[in-house]
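For reference, the structure discussed in these notes is given below.
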Amino acid sequence: MERSVESIPCGFDLLQQTPVRRHLFYLGGVPRWFTEYIWLLVKEVSERDDKVPTVEEAEKAFKSIKACYIEAWGKVKENGMYKTLKEIDFIKLAAHSFSGLKVVLNSKVIGNLSWARLRDSSVCLINGSRISIPYAIIHEIASYKPAEFSSRAVKCFIECLKGLVEKVDLL
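One point on numbering: in the numbering used here, the residue at position 82 of the sequence shown is 82, and numbering is uninterrupted.
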């Protein structure tokens, strides 16, 4: 993704900005999120000589993408209807991602949706039949309250992700 950003006229300048790099990490390489975020920044700076977005401009673009995609998660379109994923579905998705297990695209494990449908809805990436998720999902799961789940394993998983997010966000 870095090469694709560098290839646009102001891409190198964008990548020199800490907030932009942090936002791109958070978006985790999901093509639609990533591309639209960069497009918003390019649109913002294209009309001026200084091709470097301000922190405020980067935050505004990120909040737009976050509202459009991240906060709207769980609304996956299938057969013309929107299906809402639950918190436990995102936990299962993260567990699959961390396990490294291979998946079959047409199998249904998460929210009775196929892996292909989850991928096409920008909920996850699939490469070589392995799931990867953007940091934004990890961040979201870390905001869950462990006490609201009955499984000890789920509670521990959430606590581990809270610790991970705490460490990563300090960088």
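From the three backbone atoms N, C-alpha and C, an ideal C-beta is built for every residue, glycine too.
None of these values were measured; they are calculated from a predicted model.
inquiry  = Only counting the same chain, and skipping five residues up and downstream in sequence, which positions put a Cβ closer than 7 Å to that of Val42?
reply    = Here the set comprises Ile8 and Cys10.
task = Just tell me which of Ser150, Phe157, Glu87 and Tyr69 has its CA closest to the CA of Glu36.
result = When only C-alpha atoms are compared, the closest one is Tyr69.
query = Given a threshold of 16 other Cβ atoms within 10 Å of its Cβ, counted over all protein chains shown, does Glu166 qualify as buried or as exposed?
reply = Looking at its Cβ environment, which holds fewer than 16 other Cβ atoms inside 10 Å, Glu166 is exposed.
query = Quick one: what does DSSP say Ile131 is sitting in, helix, strand or coil?
reply = Strand at Ile131.
message = By alpha-carbon positions, which one of Leu118, Ser99, Gly100 and Phe98 ends up nearest to Ser107?
response = Comparing C-alpha distances from Ser107 to each of Leu118, Ser99, Gly100 and Phe98 shows the shortest one belongs to Leu118.
Nearest to Pro53 (by Cα), restricted to the options Ile38, Ser64, Lys66 and Ser132 = The residue among Ile38, Ser64, Lys66 and Ser132 with its C-alpha nearest the C-alpha of Pro53 is Ile38.
Presumed contact (8 Å Cβ cut-off) between Pro19 and Glu59, rounded CB distance = Their Cβ separation, rounded to whole angstroms, is 7 Å, which keeps Pro19 and Glu59 in contact under 8 Å.
query = Alpha carbon to alpha carbon, what distance is there between Gln16 and Val5?
reply = Here the alpha carbons of Gln16 and Val5 stand approximately 11 Å from one another.
request  = Taking all protein chains shown into account, decide if Cys160 is buried (16 or more other Cβ within 10 angstroms of its Cβ) or exposed.
outcome  = Counting of Cβ neighbours within 10 angstroms places Cys160 among the exposed residues, the total staying below 16.
ask   = Expressed to the nearest angstrom, what Euclidean distance is found between the alpha-carbon atoms of His23 and Phe62?
value = About 7 Å.
query = Beta-carbon separation of Glu47 and Phe90 under 8 Å?
reply = It is not a contact, given that the beta carbons lie outside the stated cut-off.
Close Cβ partners of His96 (< 8 Å) along its chain, the five nearest in sequence each way excluded = Correct list, in chain order: Val103, Val109, Ile110 and Ile131.
task = Could you please give me the residues that DSSP links to Ser114 through a beta bridge?
result = Beta-bridge partners assigned by DSSP to Ser114: Lys108.
Trp33 beta carbon less than 8 Å from that of Leu172 = Lying before the first or after the last residue shown, residue 172 is absent from the chain, which here runs from 1 to 171.
Rounded distance between the beta-carbons of Ile158 and Tyr144, thought under 8 Å = The pair is a contact, with the Cβ atoms about 5 Å apart (cut-off 8 Å).
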